[in-house]
Amino acid sequence: MIARDRRSTGSAPAHWNERLEGLSWASILQTWEWGELKSSFGWQAARVNSEAGLAQVLFRPTPLGPLAYIPLGPAPSTGERLGELLQEVHALCRSRRAFTLKVEPYWSDAAPESALLTELGLRPSFQTVQPRSTAVIDLEGTEDDILGRMKAKTRYNIRLAARRGVTVRPGAEDDLNTFADLIDETGRRDGFGVHPAPYYNTAYRLFVPQGLATLLVAEYEGEPLAAIMVFAFAGTASYLYGASSDRQRHLMPNYALQWEAIRWARSRGCRLYDLWGIPDEVGLDPEPYLEGEVPDRGGLWGVWRFKRGFGAQVLRRAGAWDYVYNPVVYAGYRLLHRLRSGHRD
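Here it is as structure tokens:
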């Protein structure tokens, strides 16, 4: 069965998420709520629900025609049925006249499913959306066990924040404007793009009441210093959005936030905490970057210095792959991307 209308009524969201949670490759970006979030900001979600598995496909209009995208999916019922599931996805994409499908699987590049992608007609993409490499914290054991796997400096900073009076509390809807202000400040300071405030507001209202996310706010003497939005699904928590002020950074509020996020994730039954995004060079060859100086190259290198202190394991996923329905239009899209980015592929 192909579910093509994202406005399905009744208990469709609960049924979708329940089935997704039982599959091996269940990502928060394949939940019903994620499709609704993206559908509020320029995409349209459609869903394939069959015996072969699940796939949430996002469609976006471009000047060259519709582009289809599966974020951290699909979720086949078994690896052997991946091809069958993709055939159903292709039927959906062709019915929408998409010129290409971008797939960013949730599984690792070492998984058997990764070897099937080329056989199934996909090609490595020239463009990625989600970070291919990430750092994942093992949440098994006691809190002391988790702290013991961290670097000494990270443990020190977590405790320092508490000693100096930093407190962390769950955020409410009233805190969303503060979160948006902090996000804007962070984007300006660190030089990266951010979503508009309504995006985070919508994410909060879709995920938090369902128990699928939390907003955590770090304060000092009542003044918000930093905040993060963390999601949880199918045993994995994911740190997707974070922001901090330049004020009182010596109080280490970001360390306090991550520790409370770890505790929240454990309370939700999560076994893993995905810190979401590190330099792909680290994913390719972690060993040289686990200790010592971190290259001063900007981008994700600064966050790697922070994230590696939590004792996280490096994971490299399968990356972005394209399936081309219209080679001429795809070539034009690729050329347009190259011109806009100012470099060759």
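Per numbering that gives the first Met the number 0, residue 0 is the first one in the sequence shown, and the count goes up by one each step.
Glycine is no exception: its CB is placed at the ideal position from the N, C-alpha and C atoms.
All figures in this text were calculated on a predicted structure; none of them were measured in a lab.
Task: CB contact flag (residue 42, residue 12, <7 Å) - done: No, these two residues do not count as a Cβ contact at 7 Å.
Task: Beta-bridge pairing of residue 48 - partner residues as DSSP gives them - done: Paired residue(s): 53.
Open item on the list: Going by beta-carbon coordinates alone, are residue 329 and residue 99 separated by less than 7 Å?
Closed with: Contact: yes.
- [ ] Could you name the residues that DSSP lists as bridge partners for residue 228?
- [x] Residue pairing of residue 228 in beta bridges, as defined by DSSP: 214, 240.
Open item on the list: So the candidates are 257, 335, 317; which of them puts its Cα closest to the Cα of residue 114?
Closed with: Of all alpha-carbon atoms in 257, 335, 317, the one lying nearest the alpha-carbon of residue 114 is that of 317.
Open item on the list: Once DSSP output is grouped into helix, strand and coil, what is the label at residue 294?
Closed with: In this structure, DSSP gives residue 294 a state outside helix and strand, which the three-state scheme calls coil.
Open item on the list: Rounded to the nearest angstrom, what separates residue 76 and residue 218 at their Cα positions?
Closed with: Their backbone Cα atoms lie some 44 Å apart in a straight line.
Open item on the list: Please list the terminal residues of the continuous beta strand (DSSP E) segment that includes residue 134.
Closed with: Segment 132 to 137, the beta strand (DSSP E) holding residue 134.
TODO: Below 6 Å CB to CB, which residues in the same chain sit around residue 321 once its five sequence neighbours on both sides are set aside?
DONE: Excluding residues up to 5 positions away in sequence, 99, 101, 122, 124 lie with their Cβ nearer than 6 Å to the Cβ of residue 321 in the same chain.
Task: Three-state class that DSSP yields for residue 141 in the structure shown - done: When secondary structure is reduced to three states using DSSP, residue 141 falls in the coil class, being assigned neither helix nor strand.
Task: Simplified DSSP assignment, three categories, for residue 0 - done: Its pLDDT being 43, under 50, residue 0 is placed unreliably in this model, and the coordinates cannot settle the point.
Task: Neighbourhood of residue 104 by C-beta, 6 Å cutoff - its chain only, sequence neighbours within 5 removed - done: Excluding sequence neighbours, residue 104 sits near 317.
Task: Residue environment, residue 289, which counts as buried when at least 16 other CB atoms sit within 10 Å - done: Residue 289 comes out exposed.
Task: alpha helix (DSSP H) segment containing residue 117, residue limits - done: Looking at the DSSP string, the run of the alpha helix (DSSP H) that includes residue 117 is 111 to 118.
- [ ] Could you have a look at residue 59 and say whether DSSP puts it in helix, strand or coil?
- [x] The answer is strand: DSSP assigns residue 59 an E or B state.
- [ ] Output yes or no for whether 7 Å exceeds the beta carbon distance between residue 216 and residue 174.
- [x] Judged by beta-carbon spacing, residue 174 lies within the 7 Å limit of residue 216, meaning their Cβ atoms are closer than that value.
Task: Those residues which DSSP pairs with residue 166 across a bridge - done: For residue 166, the beta-bridge partners assigned by DSSP are 218.
- [ ] Could you spell out the range, first to last residue, of the beta strand (DSSP E) harbouring residue 182?
- [x] From DSSP, residue 182 is part of no beta strand (DSSP E) but of the alpha helix (DSSP H) over 175 to 189.
Open item on the list: One question on the structure: do residue 96 and residue 60 come within less than 7 Å of each other, judged by their Cβ atoms?
Closed with: The answer is no: Cβ separation not under 7 Å.
Task: Residues near residue 255 in its chain [Cβ-Cβ closer than 6 Å; skip 5 each side] - done: 160, 165, 167, 217, listed in sequence order.
Open item on the list: Check whether chain D comes within 7 Å of residue 71, counting only Cβ atoms and requiring the distance to be less than that.
Closed with: Protein chain content of the structure displayed is limited to a single chain, and chain D is not contained in it.
- [ ] Please confirm whether residue 273 and residue 127 have their CB atoms less than 7 Å apart.
- [x] It is not a contact, given that the beta carbons lie outside the stated cut-off.
Task: residue 102: first and last residue of the uninterrupted alpha helix (DSSP H) it sits in - done: Element bounds for residue 102: not the alpha helix (DSSP H) but the beta strand (DSSP E), 99 to 103.
Open item on the list: Rounded to whole angstroms, what is the Cα-Cα separation between residue 9 and residue 28?
Closed with: Only weak support is given to the placement of residue 9: the predicted model assigns it a pLDDT of 35, under 50, and the value that follows is read from those uncertain coordinates. Across the structure, residue 9 and residue 28 are spaced so that their CA atoms are roughly 21 Å apart.
Open item on the list: Between the alpha carbons of residue 179 and residue 192, how many angstroms are there, rounded?
Closed with: Taking the CA atoms as reference points, residue 179 sits about 13 Å from residue 192.
- [ ] Measure the C-alpha to C-alpha separation of residue 5 and residue 332 and round it to an integer number of angstroms.
- [x] Annotation note: pLDDT 37 at residue 5 (below 50); position unreliable, coordinate value reported separately. C-alpha separation (whole angstroms): 27 Å.
TODO: Tell whether a beta-carbon distance below 7 Å holds between residue 157 and residue 258.
DONE: With respect to residue 258, residue 157 sits close: the two C-beta atoms are nearer than 7 Å.
Task: DSSP state of residue 8 mapped onto helix, strand, coil - done: At residue 8 the pLDDT is 32, less than 50, meaning the model places this residue with poor confidence; the figure from the coordinates comes in the next sentence. Residue 8 sits in coil when the DSSP states are folded into three classes, being neither helix nor strand.
Open item on the list: Just to confirm my understanding: we take residue 306, look at its own chain, exclude 5 residues before and 5 after, and list those with CB closer than 8 Å. What are they?
Closed with: Taken in chain order, the residues that qualify are 134, 274, 277.
- [ ] Compute the Euclidean distance between the alpha carbons of residue 220 and residue 247, then round it to the nearest angstrom.
- [x] Pairing residue 220 with residue 247, the inter-Cα distance amounts to about 11 Å.
TODO: Please name the residue or residues paired with residue 68 in a DSSP beta bridge.
DONE: Residue pairing of residue 68 in beta bridges, as defined by DSSP: 57, 101.
Open item on the list: Within 10 Å of its beta-carbon, does residue 296 have 16 or more other beta-carbons around it, so buried, or fewer, so exposed?
Closed with: Exposed, because fewer than 16 other Cβ atoms sit within 10 Å of the Cβ of residue 296.
Task: Endpoints, alpha helix (DSSP H) assigned at residue 273 - done: It is not in any alpha helix (DSSP H) - residue 273 instead sits in the beta strand (DSSP E) that spans 271 to 273.
Task: Cβ distance (whole Å) where residue 153 is taken to contact residue 308 below 8 Å - done: That pair is a contact at about 3 Å.
Open item on the list: Can you check which of these residues, 108, 56, 63, is closest to residue 84 by C-alpha distance?
Closed with: Among 108, 56, 63, the Cα nearest to that of residue 84 is on 56.
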